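Heads up, the thing below is written out as structure tokens.
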Amino acid sequence: MREARGETTAMEDDRGDVRAAVVPAPAGPAPARRRPARRRTRRIRRAAAFLVVAALVAVAGANVPEPAAPGWASPGLVGGGGWPFAGVPLDPEDTDGAAYLPDSSAVRLKDGRVELIPSGGDTPVVVAADDPRVAQAVRSDSAWLASGTVPEGPADSGFRDMAARALLDLRLLTPPNGATLASWFGAWRYSWPRDSAFAAAAFTVTGHPSEARRVLRFLARVQTDQGLWAARYNADGTAVTDGRAPQLDSLGWVLWASWLYRTKTPDTGDLPELWPMVRRAADHLAGSLDAEGLPPPSSDYWERDHGSEQDPRRPTLGVVGPALAGLRAAAALAQSYGQDGQAAQWRAAAHRMSAALDRQFAPYGYPRSPVEEGLMDTSVTFVAPPFAPPDPAVATAVADAERRQALPNGGVLPGEKWSGAPDVAWTPETALFGLSAAAGGRGTEAIARLGWLSAHRTALGALPEKVGPTGRQAGVAPLGWTDSLVLLTLSALRDPLPIPPAP
């Protein structure tokens, strides 16, 4: 989904676009663990040559990465229980027989020893199972989970383990500065505002407001005076200057997440940075609308040049949906802050955009671009609950998109006639359809989507970005956006998520 995941050499991605090759991050300090000399030599040779992982452990079942997987082929992150929350990928050579200790990010290896990152450190160690650091890590991780809620969905659904893993992984992907990373690996090791907004929302609904506040503070800190965000940020919070223009859907998602945070945590005290950030973003969105009531064309979550769309003159539904949800959320936020004038201004802008949506997209069944025989994509869920009030026509369009994007392996493609690999399912899109079902009252459908996601986790239980035709991991794991969406879906099944009020 990312337009350019790597930075050094060109290769064809699975959409057919030219992108940079995925290169493993430079090796850090050597782990404090003992390995046979031959194995250490092999590791050094790989790191020095920046080679991708060419061979994976032979683990049967759907949790083994697809053949010829590049350097992201790890089943999940090893962590510990201390601050800051550090994580590194488990070496694929250690995958066989490995498993997380319950409710923790410490990993029990096949030989019974435990790999973890000690409190205050950033380098993994392998210790005996009775080492005091193991118990300390498990206590710390378990206490953090217990401080909030691990959303399990319906009783006896069997999703608690997936939810706990998603929460712990999302925490490992969120450094102290709040720059939530898409994933650990080099070409994914960036913070996209859109992903960060969903992470803040997931932390909010699971009762972890401190983490949500850190993410929102980061977003406020890096926002420009014009109310925009860069397409993505480095882990240290600096903007990535690779020529990508700001992506307008991020404004809508951050506004929605900010409103959700304030709505769900009214007793946690105000976040001083929140209102100025909301004001700048909402003013920019409202001021960008054209005579039709639509924002300008922009890249969206597909991360591709809008000039390649079916209608390059107008924004995609992937921009319009989040922008509309964001303006509605901003108006409600302004009302809660007693800013009646700005609430009325943003409400009027949202009304204009809603009318444009009805004129431009509804007659064609809410396709990605508002044209005759427009192709469907997952962004149709952005104009359905929990981002917009229920609408029978939109519900029909969501069902139509699901049917057109369905794959034999049970997942979905990002969009109809996807130009990439035609048999590789994407977990964020599958989870978005699950969230739409949960928020729309279609519980059985949501549970089926969650069941597929749970069954296609990695050997350690992490949620990968993609699933190949044989059901195996075909992308990085964990993926923060999928973690967030799964947590929101499970939460919505037990407690309906609020919807930004329409004008």
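Sequential numbering from 0 applies to the sequence shown in numbering that gives the first Met the number 0.
Here a beta-carbon is modelled for each residue, glycine too, at the ideal position from N, C-alpha and C.
These numbers were taken from a predicted model, which means no experiment stands behind them.
Out of the options, point me to the one whose CA is closest to residue i's CA.
| i | options | result |
| --- | --- | --- |
| residue 307 | 266, 272, 400 and 368 | 368 |
| residue 243 | 253, 249, 235 and 229 | 229 |
| residue 399 | 376, 416, 105 and 419 | 376 |
| residue 160 | 192, 254 and 457 | 457 |
| residue 236 | 480, 450, 225 and 188 | 188 |
| residue 320 | 354, 245, 273 and 489 | 354 |
| residue 181 | 233, 260, 466 and 364 | 233 |
| residue 318 | 425, 294 and 468 | 294 |
| residue 239 | 186, 206 and 253 | 186 |
| residue 226 | 203, 192 and 197 | 192 |
| residue 343 | 96, 282 and 384 | 282 |
| residue 117 | 134, 101 and 218 | 134 |
| residue 71 | 357, 498, 476 and 497 | 476 |
| residue 231 | 329, 190, 479 and 265 | 190 |
| residue 251 | 445, 299 and 139 | 299 |
| residue 274 | 430, 258, 142 and 265 | 258 |
| residue 128 | 143, 140, 471 and 112 | 112 |
| residue 103 | 277, 167 and 73 | 167 |
| residue 409 | 393, 359, 196 and 471 | 471 |
| residue 450 | 474, 438, 489 and 473 | 489 |
| residue 126 | 101, 245 and 79 | 79 |
Can you say whether residue i is buried or exposed, counting buried as having 16 or more other CB atoms within 10 angstroms of its CB?
| i | result |
| --- | --- |
| residue 119 | exposed |
| residue 289 | exposed |
| residue 391 | exposed |
| residue 416 | exposed |
| residue 109 | exposed |
| residue 505 | For residue 505 there is no data in the structure shown, the boundaries of the chain being 0 and 502. |
| residue 380 | buried |
| residue 495 | exposed |
| residue 297 | buried |
| residue 384 | buried |
| residue 209 | exposed |
| residue 90 | buried |
| residue 249 | buried |
| residue 174 | buried |
| residue 348 | buried |
| residue 146 | exposed |
| residue 82 | exposed |
| residue 313 | buried |
| residue 212 | buried |
| residue 402 | exposed |
| residue 241 | exposed |
| residue 440 | exposed |
If you draw a straight line from the C-alpha of residue i to the C-alpha of residue j, how long is it?
| i | j | result |
| --- | --- | --- |
| residue 486 | residue 164 | 10 Å |
| residue 58 | residue 88 | Summary for residue 58: the model assigns pLDDT 30, below 50, so the residue's position carries little reliability; its value from the coordinates is reported in the next sentence. The straight-line gap from Cα to Cα measures roughly 17 Å. |
| residue 411 | residue 177 | 31 Å |
| residue 504 | residue 132 | Nothing can be reported for residue 504: it is not among the residues displayed for the chain, which extend from 0 to 502. |
| residue 372 | residue 397 | 16 Å |
| residue 362 | residue 158 | 39 Å |
| residue 303 | residue 366 | 17 Å |
| residue 219 | residue 331 | 19 Å |
| residue 38 | residue 95 | Confidence at residue 38 is low in this model, with a pLDDT of 38, below 50, so its placement is unreliable and no value can be given for it. |
| residue 206 | residue 77 | 24 Å |
| residue 292 | residue 501 | 16 Å |
| residue 169 | residue 427 | 14 Å |
| residue 484 | residue 106 | 25 Å |
| residue 60 | residue 262 | Confidence in residue 60 is poor, its pLDDT being 37 and thus under 50, which makes the residue's placement too unreliable to answer from. |
| residue 374 | residue 327 | 27 Å |
| residue 414 | residue 498 | 25 Å |
| residue 339 | residue 329 | 11 Å |
| residue 287 | residue 279 | 12 Å |
| residue 474 | residue 360 | 32 Å |
| residue 336 | residue 256 | 16 Å |
| residue 270 | residue 276 | 11 Å |
Let's see if you can read the secondary structure: which residues bound the alpha helix (DSSP H) around residue i?
| i | result |
| --- | --- |
| residue 137 | 131-146 |
| residue 277 | 273-287 |
| residue 498 | Per DSSP, residue 498 belongs to no alpha helix (DSSP H) and is neither H nor E. |
| residue 451 | 442-454 |
| residue 345 | 339-359 |
| residue 379 | First-last for residue 379: undefined, no H or E at that position. |
| residue 317 | 316-335 |
| residue 483 | 479-493 |
| residue 254 | 248-263 |
| residue 391 | 391-404 |
| residue 195 | 192-204 |
| residue 168 | 159-171 |
Please list the terminal residues of the continuous beta strand (DSSP E) segment that includes residue i.
| i | result |
| --- | --- |
| residue 125 | 124-126 |
| residue 113 | 113-115 |
For this session: Examine the Cβ distances between the stretch 142-151 and the stretch 453-467 and report whether three or more of them are shorter than 8 Å.
Result: Short answer: they don't touch.
Exercise. Between the stretch 464-472 and the stretch 418-429, do at least 3 Cβ pairs fall closer than 8 Å?
Worked result: A contact exists between the stretch 464-472 and the stretch 418-429.
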